Amino acid sequence: MTQVREVQRLPPVWWLPASFTLLLLAFSLLPQFRASTELTWSLWGACGVLALLQGRLLADSGQGGRELKLKISLIPSHYVQAFVQTCIYVYWGLYWEQMRHQVALIAAQIIFAYAFDMLVGWSRRKTWHLGFGQFPIILSTNFFLCFKQEWFYLQFAMIAVGILGKEYFRWNRDGRKRHIFNPSGFALSVFSLGLILSGTTNLTWGAEIATTLANAPHMYVAIFIAGLVVQFFFSVTIVTLFAAAALVAANLVYSSVTGVHFFVDASIPIAVFLGLHLLVTDPSTSPRSRLGSAVFGMLYGLSVFGLFEFLRQVDVPLFYDKLLFVPVLNLCVPLLDRLGKSRRVEGLRLSVLLQATKPRRVNYAFMVVWIGLFGWMLASNFVGRTHEGDDFKYWQQACDEAKRFGCENLVTKLQLTCNNNGGEECNMLGVLFNRGEVVPLDPLEGVSYFDQACRNGFHKGCQNVVIQAFFDGTVTISSGGVSDAIAQLPSGCEDGESMSCFLLGYAHVHGHGVPKDIPLAQDLLSTACNMGEAAACAELEKGLGTLFFPPGSRPNRP
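Residue numbers (the working numbering): 2 to 559.
This is the structure in structure tokens:
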């Protein structure tokens with residue numbers, strides 16, 4: 002008798018994770034992925050993990066006879082937050098080119114998050130909820146930390162950690178099992194600690210993300226408006242308001258004591274401002290009571306302030322300040338809710354706003370207060386591009402006056418602006434490294450900053466590169482950077498830069514990077530001399546072909 006083995010039909014939902022995995026695999030056909038071997042392998046590795054999880058789940062469900070179910074769950078807080086986050090990304094991408102390159106990478110993460118979340122969810126329960134919940138997780142994570150293409154497998158790992166934290170760390174709250182940690186906040190904190198301890202921040206775009214948000218004009222206003230949308234619908238204004246108020250108060254106290262600002266180029270850095278709107282305001286992982294929410298926000302603001310000081314003292318990248326404390330705050334939520342509902346607190350007769358009974362009206366009142374506070378912050382230049390700390394000359398004066406962290410903040414501000422195509426700031430860094438002032442003496446590092454200033458279109462940077470090659474010998478005349486700098490001297494001379502005219506004339510005397518041309522050299526040196534360049538006058542007086550510098554006439558670095 003022939004035995005007929007029963008073939009088990011796969012539940013209809015099995016096509017969903019398989020489809021997401023295949024869609025993720027298809028990303029390897031995109032030019033951006035094909036151009037990077039490391040990125041392709043990261044993608045294939047993520048698909049391999051998803052395939053293994055599907056195989057394991059298939060085996061477990063087959064043995065246990067479990068029927069896996071799918072439920073559509075469209076939660077407003079998820080899709081509204083995803084919408085406002087996307088708006089910020091679009092605006093940011095107009096002013097930071099790298100953000101435009103991240104679009105496909107973010108899309109790949111979203112697909113991975115859906116597949117991984119449903120597989121982990123089905124491994125723990127019969128029903129998985131399909132909605133927009135993965136969008137805020139991915140978008141929030143990439144707002145603060147993203148690994149570079151060569152290390153992108155760690156980005157998938159970070160997303161996986163956030164989802165695993167959501168699934169495995171849960172407690173009973175309001176009679177229901179709820180996740181303890183904000184998924185993106187948990188993953189960001191775990192990986193931030195790992196990067197700090199391993200000294201591998203350079204694997205990420207973290208520092209660039211924290212600063213390039215400010216590239217877009219009026220980004221504070223854009224984030225503020227986006228935050229108002231979330232606050233209007235989901236009554237999370239208290240957290241943002243009290244976090245900002247705590248930072249304002251701490252800044253004012255610090256400035257009154259030290260005479261300088263605490264942060265470098267804004268009293269609330271742009272990335273911190275984003276964090277107090279779209280990172281710690283997750284309704285699922287923040288307090289329900291009004292007083293608890295207020296304390297929660299204050300603690301976040303003060304934690305950012307304290308962590309910034311700590312990270313500065315131990316010489317760790319400062320952008321981690323807003324990321325490390327979020328899980329700790331999530332753990333404090335039950336305690337803060339008990340505080341807000343305790344009889345002792347009620348007996349203190351706190352403000353009507355905190356104790357009123359109509360949530361909507363209370364939220365509207367707090368929104369009015371927040372609008373007023375933000376308006377004051379803008380009008381007083383507390384935030385924005387008109388903040389006095391945004392000008393390196395403010396920190397230069399603070400450094401000269403030996404104010405607290407004045408010199409360190411000067412270097413930080415110069416580096417931030419230099420990396421954002423600031424020519425004068427790059428040149429200033431080159432001068433500091435060449436003189437060994439504020440920073441260790443390092444002429445080669447100085448040349449690299451001069452070269453960057455030149456490439457950023459700053460004439461004095463080009464002049465300093467040429468001076469280093471012609472007179473100091475720090476770099477060879479034949480190097481590419483020197484040739485490029487010499488090529489920029491004519492435009493500098495045309496713009497009335499006497500040093501450019503002198504250096505170009507000297508180059509033509511000796512045939513350095515340009516044809517030897519004595520008549521042209523004489524014209525250029527005469528022009529420079531007439532502009533008041535002493536070295537050019539000395540060259541003309543001594544005769545062309547040699548360069549003599551009387552005391553005090555040697556060309557100085559501009």
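No residue lacks a Cβ here, since even glycine has one placed at the ideal position from N, Cα and C. The structure presented is a predicted model; accordingly, all values stated were derived computationally and were not measured.
Check                                                                                                                                   : Outcome
Whose C-alpha, out of Thr528, Asp266 and Val467, is nearest the C-alpha of Asp496?                                                      : Thr528
Taking the continuous alpha helix (DSSP H) assigned at His102, which residues delimit it?                                               : Glu98 to His102
Distance, Cα to Cα, Val261 vs Glu310?                                                                                                   : 14 Å
From Lys543 to Ala537, what does the alpha carbon distance come to, in whole angstroms?                                                 : 10 Å
By a C-beta neighbour count over all protein chains shown, 10 Å radius and 16 as the cutoff for buried, is Ala454 buried or exposed?    : buried
To the nearest angstrom, how far is it from the Cα of Phe367 to the Cα of Val230?                                                       : 14 Å
Measure the C-alpha to C-alpha separation of Pro520 and Val104 and round it to an integer number of angstroms.                          : 56 Å
Since Ala399 contacts Asn410 with CB under 8 Å, what's their CB separation in whole angstroms?                                          : 7 Å
Just to confirm the assignment, what range does the beta strand (DSSP E) spanning Ile226 have?                                          : Not the beta strand (DSSP E): Ile226 falls in the alpha helix (DSSP H), residues Met220 to Phe235.
Look up Arg174 in the DSSP assignment and say whether it is helix, strand or coil.                                                      : strand
Count the other CB atoms within 10 Å of the CB of Gly553; is the residue buried (16 or more) or exposed (fewer)?                        : No answer about Gly553 holds up, because its pLDDT of 41 lies below 50 and its placement is not dependable.
So, is Ala403 buried or exposed, given that buried needs 16 or more other C-beta atoms within 10 angstroms?                             : exposed
Unbroken alpha helix (DSSP H) runs of length 4 or more, entirely within the segment 46 to 116: which are they?                          : 77 to 94 and 98 to 102
Alpha carbon to alpha carbon, how far is Asn420 from Ala539? Give it in angstroms, no decimals.                                         : 38 Å
So, with DSSP's three-state summary, where would you put Arg456?                                                                        : helix
Three or more C-beta pairs closer than 8 Å, one from the segment 141 to 148 and one from the segment 188 to 197: is that the case here? : yes
Could you check which residue in Phe233, Leu194, Thr128 and Gly390 has the C-alpha nearest to that of Ser74?                            : Thr128
Could you spell out the range, first to last residue, of the alpha helix (DSSP H) harbouring Trp396?                                    : Phe393 to Asp401
DSSP beta-bridge partners for Trp371?                                                                                                   : Trp371 is not bridged to any residue.
Less than 8 Å separating the beta-carbons of Ile89 and Ala227?                                                                          : yes
State the Cα-Cα distance for the pair Gly407 and Arg436, rounded to the nearest angstrom.                                               : 18 Å
Would you give the residue range spanned by the beta strand (DSSP E) that His130 belongs to?                                            : Thr128 to Leu131
Would the beta-carbon of Leu417 fall within 8 Å of that of Thr212?                                                                      : yes
Quick check on the burial criterion: 16 or more other C-beta atoms within 10 angstroms. Buried or exposed for Glu426?                   : buried
Going by DSSP, name the residue or residues bridged to Phe148.                                                                          : Thr205
By how many angstroms is the C-alpha of Cys502 removed from the C-alpha of Trp97?                                                       : 35 Å
Are there three or more Cβ pairs, one per stretch, closer than 8 Å when the segment 291 to 298 is compared with the segment 307 to 321? : no
If you draw a straight line from the C-alpha of Thr3 to the C-alpha of Leu44, how long is it?                                           : Annotation note: pLDDT 41 at Thr3 (below 50); position unreliable, coordinate value reported separately. So the two alpha carbons sit approximately 46 Å from each other.
I'd like to confirm the pairing. Which residues does DSSP put opposite Arg179 in its beta bridges?                                      : Trp172
Suppose you measure from the CA of Leu548 to the CA of Gly423; what does that come to, to the nearest Å?                                : With a pLDDT of only 44 at Leu548, under the threshold of 50, the placement of this residue in the model should not be trusted, and no figure is reported.
Mind pulling the alpha helix (DSSP H) runs of 4 or more residues that sit fully within the segment 414 to 496?                          : 424 to 436, 444 to 456, 460 to 468 and 481 to 495
Measuring only the C-alpha atoms, how far is Ser285 from Gly276?                                                                        : 16 Å
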